[in-house]
Every structure is written in C-alpha cells, then in structure tokens.
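Report on the following structure.
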Amino acid sequence: MKNETIRKLLAINDTFYSKHALAFDRTRRAPWPGFERVLATIKSETEAKAETEAKAETEAKAETEAKAEAETTGERDPNAKQSIAPTPVPRILDVGCGNGRFAHAAFDHFPAAHYLGLDASASLLLAAEAALQAKVAAGQAILKHANVVDACAWSTATGNDYFDLIVLFGLLHHIPSFAARLTLIERAADRLAPRGVLALSFWAFDARRAVPLAALDAALDAAASDIDANDLEPGDVLLPWDVGGAYRYCHLADDREIDRVADALVTSHKLRSLDRFRSDGRSGDANTYLLFAKTRDTGLSDPDETESIAGSVL
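Residues in the sequence shown are numbered from 43 upward in steps of one, following the numbering used here.
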C-alpha cells in the first residue's frame, strides 16, 4: 500500500475521533475480559524475573562472603540472610491507549506500576487524563499525543525506554497495510526489557456491518477524497458509527495474517510465544490475543539502529 493511501486512511479515523471521541469514550470504559488473562501472565513473568534476579544476587553475595570468611575464619556464617525477591513494579507501554481503559485494569493489578500511554487522538487522551487524574498527578501515568505509525513520532514519544509490558489493544485494525502493522509491532518488540511481555489484540468485528469492498468507492467518497480503492488490501473496510454518515477505517485480520505476525516475532525477533486465545464481546471471541516474551539472554537493541523486516513504512 502506498504511503499516500495510508495517510488518507489514517485521516479518516483522525476525523472520526475528533468528532465522536466523547460518545466513543462513554461506551468504551469497561475493561475487556481478556485483560485479566494478559495481566495474570505479566504478573507471572515479572515475579519470575524478580525471583531470578534475587537468586542471582543471593548467590553472588554468598560467594563474596564465603571468600571473605575463608580468608578470616575459614567458615561461612550459617545465619547469613538471603535476598528476598522484591515486589514487581512493571513499566507499561500502552500503544493506542485511547481513553485509558487498559490502564485502569493494569493499576488494579499493579498499583505501583509506571505507565506510558500513547494515542493519536487528543480528545481521547483528555478523557484518559481525566480518568487517570490521580496516577498522572503522582507521576505514575504519562500520556502523550503521538502518531505511532510515524517512525520519528514513535521515537520521540518512547525515548530510549524499555518496558516490562507493551500492549497494542484496539489499535491494529486502525493501521492501514500489513507492512505498517508489522513495522509498528516490531518497533514495540524492540522496546521489551528482558522477560518483558508483548500483548497484541486483533478485532474480529462483524463483517456484515462493514461497507462491502465492492461498494467501498462510494463510501470513501463520503469520508475522504482521492483514495485509490485498488490500493486497499483484503480486509480493508469502513465501519459505520451510530451517527449517520460517520465511518471508521478498519482492517479485518484473518488467521493467516495473525499467523504471519506470530511467525515474524518468533523467528526474526526471537520472542517466546506465551499464549494465544480469544475473548471479549457477547460471543466471547471478539478479539484474538497474542502474547510473547523476550528471553532473558536476548540483548537490548538500540532503538535508533533497529530495522524492520517489513520494510520502510512512513
């Protein structure tokens, strides 16, 4: 897909959320059931990381003390205290945070967590700031306006930080082109701390609600100008909003596309697959979740030197 087409499709959603953010916020506050399973996984991973670090610290300390005691008394103090694993305090990056609905669930599980939320909608960020007022005031929650598809905007927003949990929830269906989606996911994967968890969701919306591909030209004419429908990819549609004439660009990812993403993260980024499940919605399968972990021995990459296997996008 051409960058020009990507920008125009993103503009459709920018217009939609600038006009309908308040209505969207009112109907999108409850946490998704799938959040609980994701947070249980990150809790397990962060606790395992803390225990491993505490064990290594204990062993190193014991070795040092043993050498010192051998030089003096030749004995080791049997009452020497062992290090206790500290309570995990994860660093969380929420890409496409919207009104902060995931942040609430995250802070319920990790009250002392440090949270960074990024979103392209200034209106939804205002809603998130109001909802997370106490955490923002305490310096635990930071919210930034950013077009995360843009490489420079991503780098500026995330700095040189690494995170224990990175989530892309309710976002990927709004990113035009497989290459751009994979590039964004890869950028997120490159910001994982050792044993950090990357969690993705793919929305399986009801395609019957969408504007059919054959009729997309007419719908696009109402939403944006000069978009080449021939440049769209299978699964690219417009979803109508409750208010007449309002559309959102959305992409319906099938299982093959989701498999391609999973394969890329495991083979090219050496992530460990943790879980894949479906949850949410009335039917209990509205979202497909993928969870991956960065292995302990995988080195941290330089954010300025990473190169996407999907190619150069924006």
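Just so it is clear, CB atoms sit at the ideal spot from N, CA and C, and this is done for glycine as well.
Note that this is a predicted model, so its numbers are computed, not measured.
Reducing DSSP to helix, strand and coil, say where residue i ends up.
{"i": "I269", "result": "coil"}
{"i": "I217", "result": "coil"}
{"i": "A241", "result": "strand"}
{"i": "L52", "result": "helix"}
{"i": "K177", "result": "helix"}
{"i": "Y289", "result": "strand"}
{"i": "V131", "result": "coil"}
{"i": "K123", "result": "Low confidence applies here, because K123 scores a pLDDT of 49, under 50, leaving its location unreliable; read the following figure in that light. Here K123 sits in coil by DSSP."}
{"i": "K44", "result": "coil"}
{"i": "A235", "result": "strand"}
{"i": "F205", "result": "strand"}
{"i": "L210", "result": "strand"}
Return the first residue and the last residue of the alpha helix (DSSP H) that residue i is part of.
{"i": "L166", "result": "164-173"}
{"i": "C194", "result": "193-200"}
{"i": "A443", "result": "Outside the shown range of the chain, which is 43 to 356, sits residue 443, and nothing can be said about it."}
Would residue i and residue j be called neighbours here (beta carbons separated by less than 8 Å)?
{"i": "V137", "j": "L333", "result": "no"}
{"i": "V239", "j": "E87", "result": "yes"}
{"i": "A170", "j": "G140", "result": "yes"}
{"i": "T83", "j": "D273", "result": "no"}
{"i": "L224", "j": "V303", "result": "yes"}
{"i": "I269", "j": "K50", "result": "yes"}
{"i": "P236", "j": "K336", "result": "yes"}
{"i": "Y204", "j": "R229", "result": "no"}
{"i": "A306", "j": "G277", "result": "no"}
{"i": "L280", "j": "A246", "result": "no"}
{"i": "V190", "j": "A241", "result": "no"}
{"i": "F319", "j": "E275", "result": "no"}
Could you please give me the residues that DSSP links to residue i through a beta bridge?
{"i": "K336", "result": "L313"}
{"i": "V279", "result": "C292"}
{"i": "G159", "result": "D136, L185"}
{"i": "N329", "result": "W245, S321"}
Looking only at its chain, what residues have a beta carbon closer than 6 Å to the beta carbon of residue i, apart from the 5 residues adjacent to it on each side?
{"i": "A173", "result": "G142"}
{"i": "F211", "result": "F144, S243"}
{"i": "A183", "result": "Y157, L174, K177"}
{"i": "K186", "result": "L160, A199"}
{"i": "D150", "result": "none"}
{"i": "F152", "result": "P132"}
Going along the chain, which residues of its own chain have a beta-carbon closer than 7 Å to the beta-carbon of residue i, five neighbours each way excluded?
{"i": "D56", "result": "A162"}
{"i": "A148", "result": "L81, I134, A155, Y157"}
{"i": "L167", "result": "D161, L185, H187"}
Beta-carbon of residue i versus every beta-carbon of chain D: anything under 8 Å?
{"i": "L135", "result": "As a matter of chain content, chain D is missing from the structure shown, which is built from one protein chain."}
Apart from the five residues just before and just after residue i, which ones in its own chain have a Cβ nearer than 8 Å to its Cβ?
{"i": "A288", "result": "F58, K61, H62, P282"}
{"i": "S321", "result": "W74, P75, G76, R79, D327, A328, N329, Y331"}
{"i": "I300", "result": "F244, T330, L332"}
{"i": "G323", "result": "N329"}
Starting from residue i, trace the beta strand (DSSP E) both ways and give me its first and last residue.
{"i": "D322", "result": "Run containing D322: none; DSSP gives neither H nor E here."}
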